[in-house]
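Remarks on the structure that follows.
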Amino acid sequence: MTLTIGIDVGGTKVAGGVVDELGNVLASNRRPTPADDPAGTRDTIVEVAAELVEQYPQATAIGIGAAAWIDATGSTVLFAPNLAWRDEPLRDYVSKATGLPVVLDNDANVAAWAEFRFGVGKQAESMVMITVGTGIGGAIVVNGNLWRGANGIAAELGHIQSVPDGHPCGCGRLGCLEQYASGNALVRFGRAGARQEPERAGKLLELAGGDALAITGRQITEAARSGDGVAMDAFAQVGYWLGVALADLAQSLDPQIMVIGGGVIDAGPLLMGPLERTYRDQLANRDRFPVAEIHAARMGNAAGVVGAADLARRG
Ligand SMILES: [Zn+2]
1 MTLTIGIDVG GTKVAGGVVD ELGNVLASNR RPTPADDPAG TRDTIVEVAA
51 ELVEQYPQAT AIGIGAAAWI DATGSTVLFA PNLAWRDEPL RDYVSKATGL
101 PVVLDNDANV AAWAEFRFGV GKQAESMVMI TVGTGIGGAI VVNGNLWRGA
151 NGIAAELGHI QSVPDGHPCG CGRLGCLEQY ASGNALVRFG RAGARQEPER
201 AGKLLELAGG DALAITGRQI TEAARSGDGV AMDAFAQVGY WLGVALADLA
251 QSLDPQIMVI GGGVIDAGPL LMGPLERTYR DQLANRDRFP VAEIHAARMG
301 NAAGVVGAAD LARRG
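Given below as structure tokens:
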């Protein structure tokens, strides 16, 4: 059985693992990301990989998933919002330093690949995944392959427009999905709701020490679970906008399954209920055709490492 190494590069940690053909993680390690130091981040990746190669010298390739835009050839990080990389030739650097072939992709593609190969997408041929974190990542699998687009930047699903002339987005457009359905949007909805209707935000304000501006995503999840009205509304809004976006994606791509990943899925039915209701309502006109089921991702934190390692195996 061939073994490969997967490395998940985030804004706070570099996590690595040795992974077999079935997606089992045989060994793992992690280091903090020196996020404001491009050379340091690069060398941290090499150290994490080298340690794993020492334990499993039979490993044949390395896959790297990074929260970044990667060029169409998969060799260079063009830009990484939370890391200091600009035009960083990461693939060849790590390959030279470790002596192994390296595959490089963005974190949303890598996580989706893990779901497609070993998680909820295992039986599917086509899949759309939206990963909801601080921002929003997207991935599209068509005929068993990731769809990267002509220029390597396909599936930036966080930046499809939800609201014409809506909330300004970091990408320069107005009203992007990321502004209405990300972890940051959840917090914005929670804070605004708590200011406007404090009487319905008792639990939420209690958790935030009475300060609406101090409300965090985790507090919104906790308060929503105990029935706080404003916190539940915040999830319902995020669910609504995700449901609209997934209905649009069903109309344009008609995939077999849709997957929602990221920290927000911990909220379970508080998010998935409004999301699925909206999705069904939006597609009610398609009642003569089956539409893709929506699933919560199930690979959890291992998705980045497992997906990257499996992409490396495919070369
Ligand atoms: Zn945007």
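With the UniProt record's numbering, the residue at position 140 of the sequence shown is 140, and numbering never jumps. Ideal Cβ positions, reconstructed from N, Cα and C, are used throughout, including at glycine.
Item to complete: Please find out if some non-hydrogen atom of ligand 1 comes closer than 8 Å to the beta-carbon of Q123.
Response: No; taking the cut-off as 8 Å, the Cβ of Q123 has no heavy atom of ligand 1 nearer than that.
Practice prompt. State the start and end residues of the unbroken alpha helix (DSSP H) segment that holds P274.
Written response: For P274, the enclosing alpha helix (DSSP H) covers residues P269 to Q282.
Practice prompt. Verify the contact flag: R173, CB atom, against every heavy atom of ligand 1, threshold strictly below 8 Å.
Written response: Short note on R173: C-beta closer than 8 Å to some heavy atom of ligand 1.
Worksheet item: Would you say the segment 238 to 246 touches the segment 210 to 218, given that touching needs at least three Cβ pairs under 8 Å?
Response: Cβ pair count under 8 Å is below three, so no.
Discussion item. Is the beta carbon of T76 closer than 9 Å to that of D87?
Written reply: With a cutoff of 9 Å on beta-carbon distance, D87 and T76 are scored as near each other.
Worksheet item: Should the segment 156 to 165 be regarded as contacting the segment 245 to 261, the criterion being three or more beta carbon pairs within less than 8 Å?
Response: A contact exists between the segment 156 to 165 and the segment 245 to 261.
Discussion item. Contact defined as beta carbons within less than 8 Å: I believe I45 pairs with L104. What is the distance between those atoms, to the nearest angstrom?
Written reply: Contact between I45 and L104 does not hold, since the beta-carbon distance rounds to 10 Å and is not under 8 Å.
Worksheet entry | Through-space distance from E51 to N301, alpha-carbon basis | Near 20 Å, if we compare the C-alpha coordinates of E51 and N301.
Worksheet item: What do you reckon, is the C-beta of E178 under 8 Å from a heavy atom of ligand 1?
Response: Because some heavy atom of ligand 1 lies under 8 Å away, the Cβ of E178 counts as near it: yes.
Practice prompt. Report the residue from C171, G17, A192 and A108 whose alpha carbon sits nearest the alpha carbon of Q55.
Written response: Of C171, G17, A192 and A108, the residue nearest in Cα terms is G17.
Item to complete: With a floor of 4 residues, list each alpha helix (DSSP H) that falls wholly inside the segment 71 to 153, ordered by position along the chain.
Response: The qualifying runs are 90 to 98 and 107 to 118.
Practice prompt. Mind checking who M258 pairs with in its DSSP beta bridge?
Written response: Answer by DSSP bridge pairing, in chain order: V128 and I294.
Discussion item. Between D92 and chain D, is any beta-carbon pair separated by less than 9 Å?
Written reply: Absent from the structure is chain D; it holds one protein chain and no more.
Worksheet item: Is G243 near ligand 1, in the sense that its beta carbon is under 8 Å from a heavy atom of that ligand?
Response: The answer is no for G243.
Worksheet item: Between G239 and ligand 1, is the CB less than 8 Å from at least one heavy atom?
Response: Not under cutoff, so the answer is no.
Worksheet item: From the DSSP output, which residues share a beta bridge with P32?
Response: According to DSSP, which records beta bridges pairwise, P32 is partnered with K13.
Fill in: DSSP state of Q58 mapped onto helix, strand, coil
In the structure shown, Q58 falls within a coil segment according to DSSP collapsed to helix, strand and coil.
Worksheet item: Should G159 be listed as close to ligand 1, given that the test is whether its C-beta is under 8 Å from any heavy atom?
Response: Per the sequence shown, residue 159 should be read as His rather than Gly. Checking the Cβ of H159 against ligand 1 gives yes.
Worksheet item: Thinking C-alpha only, which one of I257, Y93, I5 and T278 is nearest E125?
Response: Of the candidates I257, Y93, I5 and T278, I257 places its Cα closest to the Cα of E125.
Worksheet entry | Expected contact under 8 Å - CB spacing of A114 and A303 to nearest Å | So it is a contact: roughly 4 Å between Cβ atoms.
Worksheet item: Between T221, P198 and A223, which lies nearest to D211 when the distance is taken from Cα to Cα?
Response: Of all alpha-carbon atoms in T221, P198 and A223, the one lying nearest the alpha-carbon of D211 is that of P198.
Fill in: Status (buried if at least 16 other CB within 10 Å, exposed otherwise) for G99
Exposed, by the Cβ-count rule.
Discussion item. Can you tell me whether G133 sits near ligand 1, meaning its C-beta is under 8 Å from at least one heavy atom of the ligand?
Written reply: Here the distance from the Cβ of G133 to the nearest heavy atom of ligand 1 is not below 8 Å.
Item to complete: Give every residue of the same chain whose Cβ lies closer than 7 Å to the Cβ of G119, excluding the five residues on either side of it in the sequence, and list them in chain order.
Response: Closer than 7 Å at Cβ, skipping near neighbours: A297, R298 and M299.
Worksheet item: What is the residue span of the alpha helix (DSSP H) that G263 lies within?
Response: For G263, no alpha helix (DSSP H) encloses it, and the DSSP letter there is neither H nor E.
Worksheet item: Leaving out the 5 sequence neighbours to the left and right, which residues in its chain are closer than 8 Å to L26 when beta-carbon positions are compared?
Response: L3, G17, V18, V19, D20 and Y56, listed in sequence order.
Discussion item. Please determine whether the Cβ atom of G138 lies at a distance below 8 Å from any heavy atom of ligand 1.
Written reply: Answer for G138: no, Cβ out of range of ligand 1.
Item to complete: Over the uninterrupted alpha helix (DSSP H) stretch that includes V244, give me the two end residues.
Response: That run of the alpha helix (DSSP H) goes G229 to L253.
Item to complete: Kindly indicate which three-state DSSP category V187 falls into: helix, strand or coil?
Response: Of the three classes helix, strand and coil, the one that applies to V187 here is helix, per DSSP.
Worksheet item: Can you check whether the CB of V132 is closer than 9 Å to the CB of G263?
Response: Yes, Cβ-Cβ distance for G263 and V132 is below 9 Å.
Practice prompt. Would you list the one or two residues that DSSP bridges to T4?
Written response: For T4, which the question treats as bridged, DSSP gives the partners V19.
Discussion item. G158 and C176 - do their beta-carbons sit closer together than 9 Å?
Written reply: In this structure, G158 lies closer than 9 Å to C176 by Cβ.
Worksheet entry | Minimum C-alpha distance to residue 319 - residue among P34, S95 and V102 | For the chain, the structure presents residues 1 to 315; residue 319 sits outside this window and is missing.
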